[in-house]
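What follows is a short report on a single structure.
Here you go:
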């Protein structure tokens, strides 16, 4: 399953809905960065996973998949109650919830639509959010319909923060692989693919013995996965290349090769897309550093980062605008020109207003519309494949 639908929903939630998610103990999911999956890498990882010993078998080493590992990667509750051993709701409550759907076979996209249609943060929203989480991150039925066996328990009285979600995902991983026939091209793999991918990507780090300070779910996005996939294929095959930050971040050679074959309109489109991302990243970082320095006022490292950011992206932009608007100012006057908050460019004004009015919330890409089961391992197309078509 692709996490794209879940990523999109998280991006659309309002403050009250995010608060409800945190109250269920799933606040870590609000910071999901994984907005898609890369097809070739996905096929390799699923084929390499053996449910009998719960290991990903690589050429030189094996990766153990455990509930503890799932917790490290996703940051969701570990060591709680088995969801299938919790209280179930009354029949009337289940019927009331089902009234929002006019059909028997529910799809993840139907649940996604219901969440987007409402600003509600009550029991209906919570149940819909949990059902989408189960059917995009954990396991869904075949072909592409929602797994609803957990529904009576989601509507029960047991607090969701008390559920062992890591154990639940681990069990889904085992059973989904056992029931998947990889030789049948019509038999889709509908298990927790994201967990397998994160386990593989994190284990292939050359500094894997140093534990991450943040969860892998908050790091890996579609673009990073594609770069890792390209680097591994260039080295020979999957499962042999240990990577460092240079492999992920410095992909200039492949970008240059790709640009050589582009036409003018394609280059313009790519330039606009990259510029939009640059502006977006600037705004996000501004909000992040403002929140961080407010929360951890004693951190000199954060203060230094904020100072550099302001000098490079705010004050520097202001001074450049001043130079353009008044050519009669001499160099000395420009350097000593007082920085007035109201004189900034519209972009920086917008950024500062965003920083002031919003706080950082704790808490694009593969998305096949051809089938509701997003993770057809045997036919997965990533965004690069779609561009070629």
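Residue numbers (this note's numbering): 468 to 856.
Think of the CB as a built atom: it goes at the ideal place given N, C-alpha and C, for glycine as much as any other residue.
ask   = With distances taken between CB atoms, is the gap from residue 772 to residue 657 smaller than 8 Å?
value = What you label residue 772 is simply residue 305 of the chain shown in a count that begins at 1. What you label residue 657 is simply residue 190 of the chain shown in a count that begins at 1. In this structure, the beta-carbon distance from residue 772 to residue 657 does not fall below 8 Å.
inquiry  = For residue 714, which residues in the same chain have their Cβ closer than 6 Å to its Cβ, ignoring the five residues on either side in sequence?
reply    = Position 247 of the chain shown, counted from the first residue, corresponds to residue 714. Because residue 714 sits at a pLDDT of 46, beneath the cut-off of 50, its placement in the model cannot be relied upon, and the following sentence gives the value as read from the coordinates. Once the five neighbours on either side are set aside, the close Cβ partners of residue 714 are 698.
inquiry  = Whether or not the segment 509 to 519 and the segment 643 to 651 are in contact is what I'm after, with contact meaning three or more pairs of Cβ atoms, one per stretch, closer than 8 Å; do they touch?
reply    = Short answer: they touch.
task = Let me know if residue 832 comes out buried or exposed under the rule of 16 or more other beta-carbons within 10 Å of its beta-carbon.
result = Position 365 of the chain shown, counted from the start, is the residue given in the question as residue 832. Interpretation of residue 832 is limited by its pLDDT of 38, a score under 50 that renders its predicted location unreliable; the figure taken from the coordinates is listed afterwards. If you draw a 10 Å sphere on the C-beta of residue 832, you find 16 or more other C-beta atoms in it, and that means buried.
key: Coil, strand or helix - residue 538 by DSSP   = Numbered from 1 along the chain shown, position 71 holds the residue referred to as residue 538. Under the three-state reduction of DSSP, residue 538 is assigned to helix.
ask   = When you compare only the Cα positions, how much space is there between residue 549 and residue 634?
value = For the purposes of this step, residue 549 is taken as residue 82 along the chain shown, with counting starting at 1. For the purposes of this step, residue 634 is taken as residue 167 along the chain shown, with counting starting at 1. Their Cα atoms are separated by approximately 8 Å.
inquiry  = Check this for me: beta carbons of residue 519 and residue 693, under 8 Å apart or not?
reply    = What you label residue 519 is simply residue 52 of the chain shown in a count that begins at 1. What you label residue 693 is simply residue 226 of the chain shown in a count that begins at 1. It is not a contact, given that the beta carbons lie outside the stated cut-off.
request  = Measure the C-alpha to C-alpha separation of residue 667 and residue 702 and round it to an integer number of angstroms.
outcome  = To locate residue 667, count along the chain shown from 1; it is residue 200. To locate residue 702, count along the chain shown from 1; it is residue 235. Rounded to whole angstroms, residue 667 to residue 702 spans 17 Å at the Cα level.
query = Which class does residue 473 belong to by DSSP, given the choice of helix, strand or coil?
reply = Taking the first residue of the chain shown as position 1, residue 473 is located at position 6. Three-state DSSP puts residue 473 in a helix.
task = Please list, in chain order, all residues of the same chain as residue 501 whose beta carbon is under 7 Å from its beta carbon, the five residues on each side excluded.
result = Taking the chain shown and counting its residues from 1, one reaches residue 501 at position 34. Around residue 501: 470, 474, 661, 684, 687 and 688.
task = Give the secondary structure of residue 781 by DSSP, where H, G and I count as helix, E and B as strand, and everything else as coil.
result = Within the chain shown, the letter at position 314 stands for residue 781. In the three-state scheme derived from DSSP, where H, G and I count as helix and E and B as strand, residue 781 is classed as helix.
task = Could you pull out every residue in the same chain whose Cβ sits closer than 7 Å to the Cβ of residue 670, ignoring the five residues on either side in sequence?
result = Position 203 of the chain shown, counted from the first residue, corresponds to residue 670. Closer than 7 Å at the Cβ level, and outside the excluded window around residue 670, lie 530.
task = Whole angstroms is fine: what's the gap from residue 495's alpha carbon to residue 566's?
result = Translated into positions along the chain shown, residue 495 becomes position 28. Translated into positions along the chain shown, residue 566 becomes position 99. Answer to the nearest angstrom: the Cα atoms are 30 Å apart.
message = With a threshold of 7 Å on Cβ separation, who are the neighbours of residue 605 within its own chain once the five nearest residues in sequence on each side are excluded?
response = Walking along the chain shown from the start, residue 605 turns up at place 138. So the qualifying residues of the chain are 635, 636, 639 and 659.
request  = Tell me where the beta strand (DSSP E) around residue 524 begins and ends.
outcome  = Numbered from 1 along the chain shown, position 57 holds the residue referred to as residue 524. Its beta strand (DSSP E) spans residues 522 to 524.
message = Checking 8 Å against the spacing of the C-beta atoms, do residue 561 and residue 622 come in under that value?
response = Mapped onto the chain shown, residue 561 falls at position 94. Mapped onto the chain shown, residue 622 falls at position 155. The answer is yes: Cβ separation under 8 Å.
request  = Indicate the three-state DSSP secondary structure (helix, strand or coil) for residue 809 in the structure shown.
outcome  = Here residue 809 refers to the residue found at position 342 of the chain shown. Reliability fails at residue 809, whose pLDDT of 40 lies under 50, so the model's placement of it is uncertain and the value that follows must be treated cautiously. Note: residue 809 maps to helix in three-state DSSP.
query = At a cut of 8 Å, does the segment 476 to 489 reach the segment 578 to 596 through at least three beta carbon pairs?
reply = The segment 476 to 489, when compared against the segment 578 to 596, does touch it at the 8 Å Cβ threshold.
task = Give the C-beta separation of residue 759 and residue 750 to the nearest angstrom, bearing in mind that I take them to be a contact with Cβ-Cβ under 8 Å.
result = The count along the chain shown starts at 1 and reaches residue 759 at position 292. The count along the chain shown starts at 1 and reaches residue 750 at position 283. Not really, about 15 Å apart at Cβ, beyond 8 Å.
key: Nearest-angstrom Cα separation, counted from residue 593 out to residue 632   = Indexing the chain shown from 1 puts residue 632 at position 165. Indexing the chain shown from 1 puts residue 593 at position 126. Approximately 15 Å, taken between the alpha carbons.
message = Tell me the DSSP secondary structure of residue 724 in three-state form.
response = Along the chain shown, one-based indexing puts residue 724 at 257. Reliability fails at residue 724, whose pLDDT of 47 lies under 50, so the model's placement of it is uncertain and the value that follows must be treated cautiously. It is helical.
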